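**Q** Take 1 as the starting number for the sequence shown in full-length UniProt numbering and just add one per residue. Every residue gets a Cβ at the ideal spot worked out from N, C-alpha and C, and that includes glycine. Quick caveat: nothing in here was measured; it's all calculated off a predicted structure. Would you mind keeping the following structure in view while I ask a few things?
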Amino acid sequence: MADPSATPSHGHDDVLPIDAHRDRIIDHIDRHRVTVIQGETGCGKSSRIPSMILDAEVRRGRLPRMMVSQPRRIAARALTERLRTSRHGPVYGLRMGHGERSETPQTRIWFVTSGYLVQYMSHHPDAFAQHTHLIIDEVHERSVDSDLLCMLARRLLTQHEHLRLIVMSATIQSKLYCAYFRVPDDQTLFVGARRFPVEICHTGDIRRMKPPKGIQYKLSQLEDACTRSVTQMRLAVPASTAKIQYEIALWILERLAAAPDRRPDSAVLIFVSGMSDILELSESIERMSTVALTYKVLPIHSELPIETQFRVFESCGQGEFKVVIATNAAESSLTLPDVDTVICLGTHKQVERIGGSDQTQLVNTWVPKSGAIQRAGRTGRVRPGRCFRLYSSDLFESLPDYEVPEVRREPLDKLILRLRSMLDQPVLPLLNDLIEPPSCAAIDAAFASLHRMGMIQAASDDGNLTVSGRFVSRLGVDIRCGRLLADSFVLGVMAEAIVVVATFQLAHNPYRMAIPLLQTPEEYNDIVCSTMLSAHHHDQGMFSEPCALMQLYKSWLGSHSRDQWARTNCVASTRMRQLDTIVRHLTERVSKSLAIPVDAIQLDPNEPLQPGVLLFIRLLLTWTFHDQAIRAKRTKGPLTTPNSVMVDRDALAPADVRRAFRSVNTILNADLERIESATFTVSHCDVSRCRPAFTDKCMADLKIQFVIVLGTESDRTFWVICCKELWPAFNASIAKELSGAGNLKQLPSSHLTAQHITAELTIPTVRQHKEFRKHLKSAVTQPSMIITLQKSQAAHVVCTRCCPTETMSAHIFGAKSKWHRSQSTHVERITFNDVPTQGVPVVQDCTGLGPKILTSIMHGYRGEPALKITSVDDPNRVIEARATVCRTSWELCSDLSESGSSASANVPRHSLLEGLGILNLKRHPVFAVASGVMFFGSNQKSIRVEGVTVLPQGETWLHLALLLIGIDTKSWLGARVQQPARQAAMRLHDRLAPAMRGLDTTDADLPYDIFSFFNDSTDPMARDAVTDNPAEPIPQPTRPVVHVPTEFMGDQRGPEDTNDLDITDVSVLTRLRDMAKGKGCGHKSHKDGGNKLKYACLRCGARSTWKKCLIHMSTKSSCKAFIAAVIQDIEKELADANAPAPAPDVSSATEVYQCLACGRQAPSWDTCLEHIRGSAACFQAIVQLQFQEQDEWTVPLAARIGQECLRSSRDPSAFQCPGCAKLMPWDDLQDHIEYDPSCRNVCEESFDPDPSDWMSATLVVDGLRERCRI
């Protein structure tokens, strides 16, 4: 880290303007309890006043003890580092949140952040009996912490009469603070003007600098925008204004760099609104660099690591021009000695409450006058300076003098609960005791919100804290996070929930930050690649940032060399240690609040994440942040394989690709592949010859892997022949591109062997047909032939990696066909190895890890996404390549959001979600919940989300999860959940709600029942991309392995003692529970008021709850052996029930059929159908197949009775209506039954399928027989 005091021009021994007022300041502090100081920026208040007090007290033989608050971490650290170089160096210390301290036994003066000091003053007020002075700096920043500091300081003055309070700022509202602390107005100390003058230039002054015509036009546009803001009295700044300001700022910067009198060490500070402005402006500035002059751009932003921000104190080298781009994080208490010029855009991002809701939005507004003065004060510190304000002087005069306090802009629920916790008394008097109290409407809305979340018993100040509210108030975290921890106690996953909540408290992600502004393209690419690889390893297909960070933390805890582990996983060790500190502090608070041992809620790094724990964490996140749910809107991207991406032609070389992914190339094996293709226009086509022409020999001669025939716009038929190996990936790609069109339906083929699969599909709309036809021209990369049929016996043929001979051309379209070669092109793609996911993905993802990493790299830059690599031949040249990648866009779920908005959602940068491509969104929508949501702009059309957790695909899971907390989503999710499942969910809600309100864990069966409910009620996720090849068995859905619930329910024995019965199957455990329930007669005991269902040990008959009964049966030595034998009998019985019968002999059969599930062969269709009906596993697999192919299996009523109609007809080419006995073709019969009420009633009464005989009514007609035939 650079030393901020390395430049002697701002050393502690320099004479500052405030030094002339030393005696007056010390005399006033000695004679008055409260001192209000106002001095211009740069006069030396922050650094000199603590030193003055120290020197005065030392001369009197006393050692003072004081705390000095700063609103921002960078200011507190910078002041500490600078003053430690003075003669009293060891006296100065630093304290900040999350346990960050830097102090020695000699420390007497602590620089602290405002948030830390609020917590310290509220929880340790008696500690100030040892302190002599308290200094609150930069009080003009009206944050909640700043106002709380003033309120708590006023209370401390009444408790400790010796304490002296000093409040100061360059732009302090002196009358307001004097009145608040009961200080006469005439006692405000005005100390020190600026050390050096600062010239202020507005747009009119910039116009007199004779800029070029283009800049003059921009200045006119900017002045018009400023005039509109003045006349409309509007503080919100439109985005177009910022674009104009960028161009003017760049011109000023270029003029300053070219000035002949520019000092070599001179720097420019540009104030912007947010990180997006920093990135966009920095890229524009870097493009201005030349061989003679390089612009060194450095950022200051609260989201950046403190080490990165401290680089602004470094001096620039030879041939460099230093440019610092900052938000209001650098507005006060920060001295950059080499800054001679400030360019102020006059805007900042401000958090505001949306109406009366709890949600907030980030609005770009004009700064108040106090902020503009503070920004101008960042120059003129060591020599004269200049400030360019990119707005008019009239706008400056119309700006408000001071910023609106946060307590009047943001929701108050967190503040109210915080005050209740800190001071344990009614809140209204405390709020009214603030320097500027909030409005009554905001207070009422906060009480209503707290009551809705179960924190208080009534929606007013009279409502006492509930059990969960008291627990949450003691944790010192956000209310939602505290609510999550309280609910996790009921479900028995407190250890995991503590880590999840701790990740929400981190200011930055533990991974190293990839910032293209500060890093070379190679460094940036390496960080993104390593970060994404580590995230992929720890996510395990969960697609949940909180859960992945929990797994990352467990891996860090279990590592032997943590520094080596951090380098391997591209993690910042300091932030991991910070996370560990937060986890330990939270664990101690929870342990103290609930009076449970710390060991009972500590995370075991060696314990794998169990399915039940993952389910509960996902449920807790859904319950806590359901009003911040987002929905996958659509998936866009090219038709490619999951591990390849098309890139610009001739933009990259293979060596460039390998260098871009060098940090992970041993795993990804990224390479560049060139694909040649030829385009033909064919006339005089014999279309009838096209399909039969492609035999196995034809495919082998052409050396192609698949053929696509796309019909005209009138029929829109899509027909394909694909080799067996490529079928799963091809089917998934088609599902992605033709979302909502259904699955490709396999067809029998007499001219092809089992090595190829033939299928077809009808594209629903003409527009989709046109887009798909256009996309196919360049999207397919395997050796293939794509034929697009046109009118008048013409066709358009694209041959990729193949070229048909004249003989083959005649074979495909006939001897009269004429082939004309129109063009030859080539495309390039980056290919990657397939890196499988360790767990089962929660959604149908069509992108591999390699494309996800490429997507993350490209979208880290502002403007058009690109892959950037430094040229090997010319280090000053950066190669840029663009690619079209597959991405899923998201939007806010308006049905759950309080705002009712359907704003587009921006997922976190450099996360797995950024490159996620989800299939089948129309049939099976995907939802996710975010722990953090921030609206952008006053129109609320865009949001930024953080801490995203994707939910299992489909509406069912979300519907059931919300039913458990009493939210019925039937009105907008539909009625897809069956009535028995809804009733079971409501019964669980009746048990869960009181347990969550009172932190009651007496219902020990509740977690297991919820776990079993979700395993039994949620349908398996539709897998549209699975193979339809009859020769391959359908994958069986696997149930999670469940240990004996003594550990699952929160029993505190060691893991080695919790699975004594060795039960790994839910069905065995369920059967054992039913037997114990039957042994205990299943009635309720009168001794405990009839609240608990009783169970009995199967051997001795000891009666208790299910949890205690299971512990008894697994630990009692006399009963354990007997129960183990019972379990063996249960397992044998279940195995016998599912065991297949001996396979019949098919050697002499004329027709052989094969079960689609298990592959069992049968000599006749009746034998095969009997096997499918009799085997529970095969029957369920066929049901699962029906779910996966819902479009093909869901047929009208007439189709369900088609077989019976055929049997009743003598003519096999006609069908007989069951109602009126008329004979007609099948298509006419369907219409007849559909529109004839009397015949339809007969069909519904006679042929409505019986669930017990579901096979004969549905599967036979739908082609099961043909699919099973070998």
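Among L293, D671 and S122, which has the Cα closest to the Cα of L152?
**A** Taking only the C-alpha atoms, the option nearest L152 is S122.
**Q** On the criterion of 16 or more Cβ atoms from any shown chain inside 10 Å, does T781 qualify as buried, or is it exposed?
**A** Classification of T781: buried, given that the 10 Å Cβ count is 16 or more.
**Q** Since G612 is in the alpha helix (DSSP H), which residue starts that stretch and which ends it?
**A** Per DSSP, G612 belongs to the alpha helix (DSSP H) from P611 to T624.
**Q** Distance check for E771 and N575, CA to CA, integer angstroms please.
**A** According to the sequence as given, residue 575 is Arg; it is not Asn. So the two alpha carbons sit approximately 47 Å from each other.
**Q** Give me whichever residues DSSP pairs with residue 1286 in a beta bridge.
**A** The requested residue 1286 is not part of the displayed model; the chain covers only 1 to 1270.
**Q** Return yes when the Cβ of T884 is within less than 8 Å of the Cβ of M646, no when it is not.
**A** Yes, Cβ-Cβ distance for M646 and T884 is below 8 Å.
**Q** Give the straight-line distance between the Cα atoms of I248 and T227, rounded to the nearest whole angstrom.
**A** Those two C-alpha atoms are separated by around 18 Å.
**Q** Is the beta carbon of L919 sitting closer than 8 Å to the one on Q844?
**A** Yes, the pair counts as a contact, with Cβ atoms nearer than the cut-off.
**Q** 8 Å is my cut-off, CB to CB: does F813 come that close to chain B?
**A** Absent from the structure: chain B. Only one protein chain is present.
**Q** Could you say if the region 399 to 419 and the region 143 to 150 meet the contact criterion of at least three C-beta pairs nearer than 8 Å?
**A** Result yes; three or more Cβ-Cβ pairs closer than 8 Å.
**Q** For the beta strand (DSSP E) that M275 lies in, which residues bound it at each end?
**A** Per DSSP, M275 belongs to no beta strand (DSSP E); it is in the alpha helix (DSSP H), M275 to E286.
**Q** Can you check which of these residues, S750, S683 and V613, is closest to Q790 by C-alpha distance?
**A** Out of S750, S683 and V613, S683 has the C-alpha closest to the C-alpha of Q790.
**Q** With respect to the beta strand (DSSP E) encompassing Q746, which residues constitute its N-terminal and C-terminal limits?
**A** Start and end: K745 to L747.
**Q** Which runs of the alpha helix (DSSP H) fall wholly inside the region 1107 to 1168 and span at least 4 residues, in chain order?
**A** Complete alpha helix (DSSP H) runs here, min 4: 1117 to 1138.
**Q** With a 10 Å radius around its C-beta and 16 neighbouring C-beta atoms as the bar for buried, classify Y217 as buried or exposed.
**A** Y217 is exposed by the Cβ-count criterion.
**Q** Taking the straight line between their C-alpha atoms, what separation do you get for E588 and A660?
**A** Between E588 and A660, the C-alpha separation is close to 45 Å.
**Q** In terms of residue numbering, what span does the beta strand (DSSP E) encompassing R386 cover?
**A** Where R386 is concerned, the enclosing beta strand (DSSP E) stretches over G385 to R389.
**Q** With a CB to CB cut of under 7 Å and the five nearest residues on each side skipped, what residues in its chain are close to I18?
**A** Closer than 7 Å at the Cβ level, and outside the excluded window around I18, lie G39, C43, G44, K45, R48, V191 and G192.
**Q** For H28, which residues in the same chain have their Cβ closer than 8 Å to its Cβ, ignoring the five residues on either side in sequence?
**A** The answer, listed in chain order, is T35, Q187 and L189.
**Q** Please determine, among R882, D599 and L533, the residue with the shortest C-alpha to C-alpha distance to N833.
**A** Ranking R882, D599 and L533 by Cα distance to N833 puts L533 first.
**Q** DSSP puts F111 in a beta bridge; with which residues?
**A** Paired residues: V68 and L94.
**Q** Between R33 and I166, what straight-line distance do the alpha-carbon atoms span, to the nearest angstrom?
**A** If you take the alpha carbons of R33 and I166, they lie about 8 Å apart.
**Q** Which word fits R649, buried or exposed, when buried means at least 16 other C-beta atoms lie within 10 angstroms of its C-beta?
**A** The residue in question, R649, is exposed, as its Cβ has fewer than 16 Cβ neighbours within 10 Å.
**Q** When the Cβ atoms of the region 908 to 925 are set against those of the region 607 to 623, are three or more pairs found closer than 8 Å?
**A** The region 908 to 925 vs the region 607 to 623: no contact.
**Q** First and last residue of the alpha helix (DSSP H) that includes H537?
**A** Its alpha helix (DSSP H) spans residues P521 to D539.
**Q** In or out: K703 buried (at least 16 other Cβ within 10 Å) or exposed?
**A** It counts as exposed.
**Q** Taking buried to mean at least 16 other C-beta atoms within 10 Å of its own C-beta, is L293 buried or exposed?
**A** By the 10 Å Cβ count, L293 comes out exposed.
**Q** In or out: T765 buried (at least 16 other Cβ within 10 Å) or exposed?
**A** It is exposed - the Cβ of T765 has fewer than 16 other Cβ atoms within 10 Å.
**Q** Output yes or no for whether 8 Å exceeds the beta carbon distance between L431 and A502.
**A** Cβ distance not < 8 Å, so L431 and A502 don't count as in contact.
**Q** Would you call the region 317 to 327 and the region 254 to 269 touching, i.e. three or more CB-CB distances under 8 Å?
**A** As far as the Cβ criterion goes, the region 317 to 327 touches the region 254 to 269, which means the pair count is three or higher.
**Q** For V499, name the three-state secondary structure that DSSP assigns.
**A** Three-state result, V499: helix.
**Q** Starting from the C-beta of T1001, find all residues in its chain whose C-beta is less than 8 Å away, skip the five residues before and the five after it, and write them out in chain order.
**A** Same-chain partners within the cutoff: F489, V490, G492, A995 and G1050.
**Q** Quick one: what's got a C-beta closer than 7 Å to R65's C-beta in the same chain, skipping five residues either side?
**A** So the list reads R108, Q130, H131 and T132, once near-sequence residues are dropped.
**Q** Measuring only the C-alpha atoms, how far is N643 from R829?
**A** Between N643 and R829, the C-alpha separation is close to 10 Å.
**Q** Residue range of the beta strand (DSSP E) that L668 falls in?
**A** Note, L668: premise wrong, no beta strand (DSSP E); alpha helix (DSSP H) at N665 to L668.
**Q** Suppose the cutoff is 6 Å on Cβ atoms and the five residues either side in sequence are ignored; what does the same chain contact list for W719 look like?
**A** Excluding sequence neighbours, W719 sits near V709 and E760.
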